[in-house]
Each structure stands twice: as C-alpha cells, then as structure tokens.
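Mapping of the sequence shown onto UniProt numbering: position 118 corresponds to residue 118, and the numbering continues sequentially without gaps.
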Amino acid sequence: MIIVTLCCASDPNGYYLLGGSGGHGQGEGAELTLWDRRVLSKGPLKEMVGHKGSVNGCLFLDNDSSNDKLVASCSSDSTVKIWSTTTGGSVLSEYIGGGAGPISGIVSPSPETLAASTFNEGVYVWKLVSDSSMELKLRAKY
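See below:
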C-alpha cells in the first residue's frame, strides 16, 4: 500500500511534526502520524486512526493548560477531529453534514477558536470549550 501525505504541521517549538495522509477505499491509510524530529530514526511516536477519508489538514492546538498536547485534523469524510497525542485517541469528532462535502483546511487563530473550510459551504468557525469535557460550539458560517 502506498500512503500519500497530504498535509503537515509543526508544534510551536519545532520539536514535533505531524503528517496527515490520504485514505484509499474505506479510509485505509487515512491517519495522522506524530514524529519527534529530534529522534526521527526511532520511527513515529503515535499513529492516530479514525478518519474514513483522506486527512486534508492538521495542526497543533495551543493548550498550554494541559500536559496532554492536542492536535486537530480535518478530512474528506466531512469531520473535524481533536486528538490526544498521549493516547492517540480522538477526544472530539464534529461531523459537518448537509452537503458541506470534504473539509479541505483547518486553522486555529487563537487557543479558543477553530475554523475549517468546506468544499460546498464555505468556512465554519467554532469556539473550543474545554471545561470538563471538550466541545465545539458553532460561532459562524461564512
């Protein structure tokens, strides 16, 4: 199987790298891979699997209040996911239905804001709430 990397990101310190790959068929190969660039020869630290379509965008979230670094991703399966780099598991998944189509990009302009571009319905902007449980609240749609 050939895995094609479609996006990449670096943490603010430049220590960790994140790559998102394309899925083949039923999501096979659609994953995020976390690397420590200081020890690349040891292989990936985590592989985060859960998207059913290609991972089109990824980023590190600014969550200094937690020891667990979080990353976010968007996919052709019309979802935005937030992942724990400690466990490799998804801590939040937001499905954008209604014909939005693939989600093509994701940014976090501030620690409490997440925005994603969709193929058919423009840009969605959420407030990231992480009190007792993580939640995305839709703030705007352009």
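Virtual Cβ for every residue (Gly too), placed ideally from N, Cα, C.
- Taking 3 residues as the minimum length, the beta strand (DSSP E) runs contained wholly in the stretch 58-93 are 70-75, 79-84, in order along the chain.
- Its chain contains no residue whose beta carbon lies nearer than 7 Å to that of Asn67 once the 5 sequence neighbours on both sides are disregarded.
- One alpha carbon belongs to Leu40, the other to Trp126, and they sit about 34 Å apart.
- If the five residues before and after Thr79 are omitted, its C-beta is found closer than 6 Å to the C-beta atoms of Ser93, Tyr95, all from its own chain and listed in chain order.
- Residue burial is scored here from C-beta neighbours: Glu47 has fewer than 16 other C-beta atoms within 10 angstroms and is therefore classed as exposed.
- Taking a contact as a CB-CB distance under 8 Å, the pair Ser10 and Ala30 does not count as one, their CB atoms being some 21 Å apart.
- Secondary structure of Ser130 (DSSP, three-state): coil.
- Restricting attention to Gly50, His51, Val71, the CA atom closest to the CA of Cys58 is found in Val71.
- The distance from the Cβ of Leu138 to that of Ser108 is about 15 Å, inconsistent with a contact at the 8 Å cut-off.
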